[in-house]
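Engineer: Okay, here's the structure, questions in a sec.
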Amino acid sequence: MTVSTCVGRVSKVIYLGAEALIAEGEFLGRSVVFKQRVSKPYRVPELDRAIISRRTISEARILTLLEEVGVRVPKIVFVDPLVGLIVMEKIEGLVLRDALKDLDWEVACRAMVSAGREVGKMHRAGIAHGDVTTSNMILARDGDVYIVDLGLAKHVEDVEDVAVDIHLLIRVLESSHYSAREELFKCFISGYREVVGEEFTREVINKVSEIRLRGRYVEERKVRKTN
Ligand SMILES: Nc1ncnc2c1ncn2[C@@H]1O[C@H](COP(=O)(O)OP(=O)(O)O)[C@@H](O)[C@H]1O
Ligand SMILES: [Mg+2]
Numbered sequence: 236m237t238v239s240t241c242v243g244r245v246s247k248v249i250y251l252g253a254e255a256l257i258a259e260g261e262f263l264g265r266s267v268v269f270k271q272r273v274s275k276p277y278r279v280p281e282l283d284r285a286i287i288s289r290r291t292i293s294e295a296r297i298l299t300l301l302e303e304v305g306v307r308v309p310k311i312v313f314v315d316p317l318v319g320l321i322v323m324e325k326i327e328g329l330v331l332r333d334a335l336k337d338l339d340w341e342v343a344c345r346a347m348v349s350a351g352r353e354v355g356k357m358h359r360a361g362i363a364h365g366d367v368t369t370s371n372m373i374l375a376r377d378g379d380v381y382i383v384d385l386g387l388a389k390h391v392e393d394v395e396d397v398a399v400d401i402h403l404l405i406r407v408l409e410s411s412h413y414s415a416r417e418e419l420f421k422c423f424i425s426g427y428r429e430v431v432g433e434e435f436t437r438e439v440i441n442k443v444s445e446i447r448l449r450g451r452y453v454e455e456r457k458v459r460k461t462n
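Going by the working numbering, the sequence shown opens with residue 236, and the numbers climb by one from there.
Rendered as structure tokens:
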């Protein structure tokens with residue numbers, strides 16, 4: 236990791252993904268998370284640097300915008316696009332995917348309502364997350380859900396962009412929380428509806444059904460071809 240300044244100290248790497256290395260540590264006396272984008276050896280070095288810097292700037296800008304409109308996201312402490320580094324507030328808590336496995340039903344539902352409100356606020360601000368999974372949500376100790384990982388986020392151009400977020404969340408609930416998927420989604424959507432309203436929620440859900448049908452159609456065609 237390139238963080239070797241006298242103002243910051245990395246104490247522990249907590250996650251190594253395809254795109255970034257995440258570590259905990261201290262920066263100017265605060266508990267922080269360092270998100271360091273990693274180089275891809277198969278990319279031409281110049282292009283690699285350009286992609287890393289562009290994604291870092293985009294994530295930092297969107298985090299700032301979301302914080303301004305009151306979405307629970309980590310506050311940015313420092314950004315260096317040249318090396319692909321974002322230093323941000325550390326959210327103390329558990330990744331929602333893990334938390335949901337041990338929570339009793341009422342607490343799990345409350346967490347999903349909170350997640351729905353935050354995604355709703357994000358959509359209302361015109362941002363689609365691009366990777367709405369329960370791994371990109373942190374259940375803080377006070378019961379509020381925070382959204383992280385805005386690396387794929389973008390400005391909404393069409394209702395399809397926000398529907399894709401909800402579609403992905405449904406798929407994640409189906410694969411990681413199968414037995415409670417429908418109830419958990421109901422809790423989520425009630426928080427979402429509270430923020431964006433009935434009409435918009437209905438429009439999004441209709442679009443999600445359309446995306447799911449399209450997906451099923453493609454799957455069925457694949458099965459027909461292989462038979
Ligand atoms: N600000 C933060 N506070 C606490 N944990 C975080 C924070 N940011 C990221 N994490 C943890 O690191 C993991 C990976 O971070 P993320 O931004 O999702 O990286 P990637 O783009 O590689 O998925 C998250 O799932 C979460 O567990
Ligand atoms: Mg992630």
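Backbone N, C-alpha and C define an ideal beta-carbon position, used for all residues, glycine too.
When you compare the CB positions of V380 and A415, do they come within less than 8 Å of one another, or not?
Structural biologist: Contact: no.
Engineer: Does G252 come out as helix, strand or coil in the three-state DSSP assignment?
Structural biologist: Coil, per DSSP.
Engineer: Count Cβ pairs between the stretch 343 to 357 and the stretch 264 to 274 that sit closer than 8 Å; are there 3 or more?
Structural biologist: Taking 8 Å as the limit for Cβ pairs, the verdict is that the stretch 264 to 274 does not touch the stretch 343 to 357.
Engineer: K442: beta carbon under 7 Å from a heavy atom of ligand 3?
Structural biologist: The ligand content of the structure shown is limited to ligand 1 and ligand 2, which means ligand 3 is not among them.
Engineer: Taking 7 Å as the cut-off, is the CB of K336 close to at least one heavy atom of ligand 1?
Structural biologist: Outside the cutoff, so no.
Engineer: Would N371 and I362 qualify as a contact pair, given that the criterion is a beta-carbon distance under 8 Å?
Structural biologist: It is not a contact, given that the beta carbons lie outside the stated cut-off.
Engineer: Compare the beta carbon distance of E254 and V273 with 8 Å and say whether it is the shorter of the two.
Structural biologist: Yes, they are a contact pair.
Engineer: Exposed or buried, R307, counting other C-beta atoms within 10 Å across all chains shown (16 or more means buried)?
Structural biologist: The residue is buried, with at least 16 neighbouring Cβ atoms inside 10 Å.
Engineer: Exposed or buried, which one is Y250 when buried takes at least 16 other CB atoms within 10 Å?
Structural biologist: Label assigned to Y250: exposed.
Engineer: Using the C-alpha atoms, what's the distance from K310 back to S444?
Structural biologist: Spanning the two alpha carbons is a distance of roughly 35 Å.
Engineer: Can you tell me the Cα-Cα spacing of V367 and E341, whole angstroms?
Structural biologist: V367 and E341: Cα-Cα distance of roughly 22 Å.
Engineer: Thinking C-alpha only, which one of T369, H390, D384 and R332 is nearest R359?
Structural biologist: Per the Cα distances, H390.
Engineer: Between which two residues does the alpha helix (DSSP H) harbouring S411 extend?
Structural biologist: That run of the alpha helix (DSSP H) goes V394 to S411.
Engineer: Can you check which of these residues, G426, K270, R278 and G260, is closest to G252 by C-alpha distance?
Structural biologist: Closest option to G252, Cα to Cα, is K270.
Engineer: Grab the span of the alpha helix (DSSP H) containing I292 for me, first residue to last.
Structural biologist: First-last of the alpha helix (DSSP H) with I292: P280 to E303.
Engineer: In whole angstroms, what is the alpha-carbon distance linking S239 and L320?
Structural biologist: Bear in mind that the predicted position of S239 carries a pLDDT of just 48, short of 50, making it too unreliable to give a figure here.
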